[in-house]
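Peer 1:
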Amino acid sequence: MGHIHPLSRVIGEINEIFRKMGFSYVEGPEVETEFYNFDALNIPGDHPARDMWDTFWLKPENSRKLLRTHTSPVQVRYLEQHQNEPVRIIAPGKVYRHEATDATHEAQFYQLEGLAIGPDITLAHLKGTLEQFFKEFYGRPLEVRFRPSYFPFTEPSVEVDVKHVSSRGEKWLEVMGAGMVHPKVLEAAGFDSTKWQGFAFGTGIERLAMIKYEIDDVRVFHNGDLRFVNQF
Amino acid sequence: MKVSRNWLQNYFKQPLPDAAELDHALTFHAFEIEEVEEKGTDSIIDVKILANRAADCLSHRGVAKEFSAILNIPLKEDPFRKELPTYPVSSLLTVSVDDPTLCDRYIGAVIENVKVGPSPVWLREALENVGQRSINNVVDATNYVMLDLGQPLHAFDADKLSKKDDRWHITVRAGKEGEKITTLSNEERTLSPENLLITDGKTDAVLGIAGVKGGKMAEVTESTTSIILEAAHFNYASVRKTAQKLRLPTDASKRFENNIAPFTAGFGMHAAIALILEIAGGRCEGIVDTNSAVPPVRKVSVDRQKINGHLGTMLSKEHIADALLRLGLPYIENDETYTVTVPFERVDLTIPEDLVEEVGRIVGYESVTATPIPPITSPVSINKRFYYAQKIRQALIALGFDEVMTYAMQEKGVVEIANPIASDKAFLRSSLQKGMVAALQINSANAPLLGKDSVLLFEIGSVFADAEETVHMALISGARKKPAALLDAAMAAIETAIGTTVELVLTEEAYREFNLDALIAKLTEPTTYETFSVVTDGNKYKTINPYPFALRDIAFWAPETTNSESISAIIKETAGPFLVRLDQFDEFKKGGRVSYAFHLVFQSPTKTLGDQEITGAMNAVTAALQKAGFEVR
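If you read the sequences in order, they're chains A and B.
For what it's worth, the numbering used here labels the leading residue of the first sequence as 957, then goes sequentially.
For what it's worth, the numbering used here labels the leading residue of the second sequence as 18, then goes sequentially.
1. Using C-beta distances below 6 Å, list every residue in its chain close to B:Phe475, excluding the 5 sequence neighbours before and after it, in chain order.
2. Taking a contact to mean a Cβ-Cβ separation below 7 Å, would you say B:Ala227 touches B:Ile244 in this structure?
3. Indicate whether A:Glu1017 and B:Ala435 have their beta-carbon atoms separated by less than 7 Å.
4. Which of the three DSSP states, helix, strand or coil, is assigned to B:Ile296?
5. What whole-angstrom Cβ distance do B:Phe573 and B:Arg650 have, given they're in contact under 8 Å?
6. Excluding five sequence neighbours on each side, which residues of the same chain lie with their C-beta closer than 7 Å to the C-beta of A:Phe1188?
7. Skipping 5 residues on each side, what residues in its chain have a beta carbon closer than 8 Å to that of B:Thr513?
8. Let's see if you can read the secondary structure: which residues bound the alpha helix (DSSP H) around B:Thr207?
9. Beta-carbon of B:Met422 versus every beta-carbon of chain A: anything under 7 Å?
10. Rounded to whole angstroms, what's the CA-CA distance from B:Met286 to B:Ala143? Just pull it up for me.
11. Going by DSSP, name the residue or residues bridged to B:Thr330.
12. Quick check: is the beta carbon of B:His77 nearer than 7 Å to any beta carbon in chain A?
13. Determine the closest residue to B:Ser448 out of B:Gly468, B:Glu486, B:Asp183, B:Lys469, with distance taken between C-alpha atoms.
14. Going by DSSP, which residues form a beta bridge with B:Leu214?
15. Could you name the residues of chain B that A:Tyr933 contacts, counting a contact when the two beta carbons are closer than 7 Å?
16. Rounding to the nearest angstrom, what Cα-Cα distance links A:Gly1070 and A:Phe1109 in this structure?
17. For B:Ile561, which residues in the same chain have their Cβ closer than 8 Å to its Cβ, ignoring the five residues on either side in sequence?
18. Measuring CA to CA, which of B:Ala637, B:Pro576, B:Asp320, B:Leu294 is closest to B:Pro594?
19. Check each candidate in A:Asn1040, A:Phe1065, A:Thr1060, A:Gly1084 and name the one with the smallest Cα separation from B:Ala425.
20. A:Leu1079 to B:Ile66, Cα distance in whole Å?
21. Under a Cβ-count criterion, where at least 16 other Cβ atoms within 10 Å of its own Cβ denotes burial, should B:Lys499 be classed as buried or exposed?
22. What are the uninterrupted segments assigned as alpha helix (DSSP H) that are 4 or more residues long and contained completely in the region 66-152 of chain B, given in chain order?
23. So if I threshold CB-CB distances at 8 Å, which residues from the region 314-337 of chain B count as touching chain A?
24. Enumerate in chain order the residues of its own chain whose CB-to-CB distance from B:Ile631 is below 6 Å, with the five nearest sequence positions on each side excluded.
25. Compare the Cα-Cα distances from B:Thr388 to each of A:Val1100, A:Gly1158, A:His1120 and report the closest residue.
26. So who's on the other strand from A:Pro1112, going by DSSP bridges?
27. Closest to A:Leu1086 by C-alpha separation, out of A:Val1043, A:Asp1117, A:Phe1147, A:Phe1177, would be which residue?
28. Could you have a look at A:Trp1128 and say whether DSSP puts it in helix, strand or coil?
29. On a CA-only basis, which of B:Leu523, B:Met508, B:Val522 is nearest B:Gly516? Give me that one, please.
30. Whose C-beta lies closer than 6 Å to the C-beta of B:Ser471 among residues of the same chain, with five residues either side of it excluded?
31. Whose Cβ in chain A lies nearer than 8 Å to the Cβ of B:Gln643?
32. Just reading off the beta strand (DSSP E) that B:His489 is part of, what are its end residues?
33. What do you reckon, are the CB atoms on A:Met1136 and A:Pro1104 nearer than 7 Å?
34. Count the other CB atoms within 10 Å of the CB of B:Gln643; is the residue buried (16 or more) or exposed (fewer)?
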């Protein structure tokens, strides 16, 4: 019997957990435009916030095409197609960051983003959704906490920590960035931000898997080595 | 930013809590803490100031104000709320700004008869504790004010400028192509019209790079007797671009690129003049200010309903009022609508949601109680590609194929990356083949360790050709004999699973690739996901052993009555601790006896095994099998 890649397996698990909460699995292109990757997310060109994402640009540079640094563009595109309707989606997908590769960083990795928009979706619903996700994904209830943070596309913005119990003891681990979608992002996608609101979150899928299976090096996910794949 | 507890203490009458409590307070209500370090009687807290607060919090005053709000302890006084004295207009200095959009405020002050020398101990310590070098009392004073109030300042040796009509002239202008500067740290840079410069208005000489770094030419040294002090506001985009292009990121450029409020300059200048006169003596002859206008009053409103409606909380009017008060945000409440007069330095507060965040973080996010998301009325849509990909995966693993994921950035391709991380990763793959072939190679070398006769791989991933990005799927076979047969069987299994034929885009004897997107377009829309039984968890990953393995085979005759479990047991018991795999690969009957053949894989987790150790293990196994009455071949 062969083995499916642990990331495919994890994405399958994630999809099933969120499907039960009403989330649809949506995809989009890996080669994106500057507009969908940055401008539509309230990250203007000359702003230092751009420095938060190390970007791969494609030639010719004046085409303003890049390899997406997150799957948020998938959400923007979806919002544009479903203006002023309730939205509930997850967008797992491959993203690229111009970073030196080491045990915890890879230039290509999988990100999971989620988005829920409605007339009254709140930060409390975000906490509830994430608690439910972590409980099912890690197989036991895990404490979740929020800390203040900043992303240009959410306001308020939070970092999400989970309390992880392992053979080495108890530790709070930062797993996600999240927050309430910034009204500018909603307006740019054609939503009336006085009538619609909701949350968004983003996390690295390799990171979720590394925590779950106590994997110590992120590079094993994409180097094609079956000594990794065949352990699952 | 490194923040000193002792320095912060200057802002408070009552003693601040210890560093651990300060760490906790900021972490849960404002900023992440990188590190806390004890330095003598001081604690140094390295705070990760968030990008949206860099305009007002890259300073001890900003962080002190945060502690004031979080710990609910009042500041002794807030320097930004004090009335500033007026200074006489200088008759020794004129300032001209070529483009006010690049520099919308420039304050220059002339201080005569200073005595430049070492700084007093308290100042030297304060700066060194937060990782700054002490230079001399005048330069240190400017750095101190920057770290205290957030306003970058610069001091020039006035006598290095040339007078015209008995005055010094500062001109803020764009650089000229090819113009050069040697900075205070002896870095040489070539400038361009993109760079805003501080120059000598008479001679046109370059004195400094605006908002970034000063030049060596007008450096303040122990022989300086008159200084021109600068507190200004430069265009954030221009400073950011210049600092990046010239590779000169500085504490000053960081503050300007985050758009510190222009009105801060007056407070910075006042503090710097006072400190310099105190520690270096001298007299302030006067100032020039190109724009002392008080900024228009800004108001932002938020309702209690919006705060609770966004956070999902039930905060009372008292909660909200308390949070705003502690933050020093003056407001008027009218029927549960709070209209805040935004202090000039809080450039981050512009929309009601910004106030939702202020209240939320001060009250604390533990007050947000997890609530299940309400059920959705419209049905969940099924992802067609994922659905069919999962079916194909199941069909392939049943035939012994393993799934891999390989790198999209490769040496050759059609779509080129402008800024690759390596020269052999400058293109996006236009096919999956290269990656699959490489994966086959490494895995074939490890086949004995994996317990495989042949390696069979598949990958599903994006490929890039000009305007097209499509998802392809590829299969590769490492079987030495008839690789095509296995691949044909796999393709047949795929076609059965999805119910249609597959058009290949690339076929070789041991390789198949096809366009998954094109295939899926032909298939019917699924209405529900299929569930596949998953191998149970309890998987704990074992770090891949980097040491080489050794493969040995053993073959022997045994009586027909023996079973392979007992044989395996004998081998495992005697092969020693380094046997990591035992796989039977052959068995046949002849003349009342059975021939068995096993692969043994040896590997140590801590070193490369030597021939002797392996031979020793094999001898032990051979002896044990012979003792059991088997004839080893």
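Using N, Cα and C, we set each Cβ at its ideal position, and we do this for glycine too.
Peer 2: Result, derived from the coordinates:
1. Locating residue 475 of chain B in the second sequence gives position 458, counting from the first residue. Within the same chain, B:Phe475 has close Cβ partners Leu413, Phe418, Glu420, Leu492.
2. Within the second sequence, residue 227 of chain B is the residue found at index 210, counting from 1. Within the second sequence, residue 244 of chain B is the residue found at index 227, counting from 1. For B:Ala227 and B:Ile244, no; Cβs fall outside 7 Å.
3. Here residue 1017 of chain A corresponds to residue number 61 of the first sequence, with the count starting at 1. Here residue 435 of chain B corresponds to residue number 418 of the second sequence, with the count starting at 1. Against a cut-off of 7 Å, the Cβ pair of B:Ala435 and A:Glu1017 comes out as a contact.
4. Start at 1 with the first residue of the second sequence, and residue 296 of chain B comes out as number 279. In the three-state scheme derived from DSSP, where H, G and I count as helix and E and B as strand, B:Ile296 is classed as helix.
5. In the second sequence, counting from the first residue as 1, residue 573 of chain B sits at position 556. In the second sequence, counting from the first residue as 1, residue 650 of chain B sits at position 633. Yes, B:Phe573 and B:Arg650 are in contact; Cβ-Cβ is about 6 Å, under 8 Å.
6. Stepping through the first sequence from its first residue, residue 1188 of chain A is reached at position 232. Answer for A:Phe1188: His959, Pro962, Arg965, listed in chain order.
7. Residue mapping note: residue 513 of chain B aligns to position 496 of the second sequence, counting from 1. If the five residues before and after B:Thr513 are omitted, its C-beta is found closer than 8 Å to the C-beta atoms of Ala412, all from its own chain and listed in chain order.
8. Here residue 207 of chain B refers to the residue found at position 190 of the second sequence. Not the alpha helix (DSSP H): B:Thr207 falls in the beta strand (DSSP E), residues 205-207.
9. Counting from 1 along the second sequence, the entry for residue 422 of chain B is found at position 405. Yes, B:Met422 counts as interfacial toward chain A.
10. In the second sequence, the residue the question calls residue 286 of chain B occupies position 269. In the second sequence, the residue the question calls residue 143 of chain B occupies position 126. So the alpha carbons of these two residues sit roughly 20 Å apart.
11. On the second sequence, residue 330 of chain B is found 313 positions in, with the first residue counted as 1. Note: B:Thr330 sits in no beta bridge, so no partner.
12. By 1-based counting over the second sequence, the position of residue 77 of chain B is 60. It does not: the Cβ of B:His77 has no partner Cβ on chain A nearer than 7 Å.
13. Locating residue 448 of chain B in the second sequence gives position 431, counting from the first residue. The residue from B:Gly468, B:Glu486, B:Asp183, B:Lys469 with its alpha-carbon nearest to that of B:Ser448 is B:Glu486.
14. On the second sequence, residue 214 of chain B is found 197 positions in, with the first residue counted as 1. B:Arg190, B:Ile226, per the DSSP bridge assignment.
15. The requested residue 933 of chain A does not occur in the structure, where chain A is confined to residues 957 to 1188.
16. Here residue 1070 of chain A refers to the residue found at position 114 of the first sequence. Here residue 1109 of chain A refers to the residue found at position 153 of the first sequence. In a straight line, the C-alpha of A:Gly1070 is about 13 Å away from that of A:Phe1109.
17. Position 544 of the second sequence, counted from the first residue, corresponds to residue 561 of chain B. Same-chain partners within the cutoff: there are none.
18. Mapped onto the second sequence, residue 594 of chain B falls at position 577. Residue B:Ala637 is the option with its Cα nearest to B:Pro594.
19. In the second sequence, the residue the question calls residue 425 of chain B occupies position 408. Comparing Cα-Cα distances from B:Ala425 to each of A:Asn1040, A:Phe1065, A:Thr1060, A:Gly1084, the minimum goes to A:Phe1065.
20. If you number the first sequence from 1, residue 1079 of chain A lands on position 123. If you number the second sequence from 1, residue 66 of chain B lands on position 49. Cα to Cα, A:Leu1079 sits roughly 23 Å from B:Ile66.
21. For the purposes of this step, residue 499 of chain B is taken as residue 482 along the second sequence, with counting starting at 1. Burial check for B:Lys499: the Cβ neighbour count within 10 Å stays below 16, so the residue is exposed.
22. Counting only runs of 4 or more, we get 71-74, 77-88, 138-146.
23. Against chain A - using a Cβ distance shorter than 8 Å - the residues of the region 314-337 of chain B are Gly326, His327, Leu328, Gly329, Thr330.
24. Locating residue 631 of chain B in the second sequence gives position 614, counting from the first residue. Ala567, Phe619.
25. In the second sequence, counting from the first residue as 1, residue 388 of chain B sits at position 371. Of A:Val1100, A:Gly1158, A:His1120, the residue nearest in Cα terms is A:Val1100.
26. The residue labelled residue 1112 of chain A in the question sits at position 156 within the first sequence. For A:Pro1112, no pairing in a beta bridge is given by DSSP.
27. For this step, residue 1086 of chain A is matched to residue 130 along the first sequence. In terms of Cα proximity to A:Leu1086, the closest of A:Val1043, A:Asp1117, A:Phe1147, A:Phe1177 is A:Asp1117.
28. Within the first sequence, residue 1128 of chain A is the residue found at index 172, counting from 1. Three-state DSSP puts A:Trp1128 in a strand.
29. As a position in the second sequence, residue 516 of chain B is number 499, starting the count at 1. Out of B:Leu523, B:Met508, B:Val522, the CA that lies nearest to the CA of B:Gly516 is found in B:Met508.
30. The residue labelled residue 471 of chain B in the question sits at position 454 within the second sequence. Cβ within range, chain order: Gly495, Ala496.
31. Residue mapping note: residue 643 of chain B aligns to position 626 of the second sequence, counting from 1. In chain order: nothing, as chain A lies at least about 34 Å away.
32. Taking the first residue of the second sequence as 1, we reach residue 489 of chain B at position 472. Per DSSP, B:His489 belongs to the beta strand (DSSP E) from 485-494.
33. Position 180 of the first sequence, counted from the first residue, corresponds to residue 1136 of chain A. Position 148 of the first sequence, counted from the first residue, corresponds to residue 1104 of chain A. Contact annotation: A:Met1136 and A:Pro1104 have beta-carbon atoms that are not nearer than 7 Å.
34. Position 626 of the second sequence, counted from the start, is the residue given in the question as residue 643 of chain B. Exposed: under 16 other Cβ atoms inside 10 Å.
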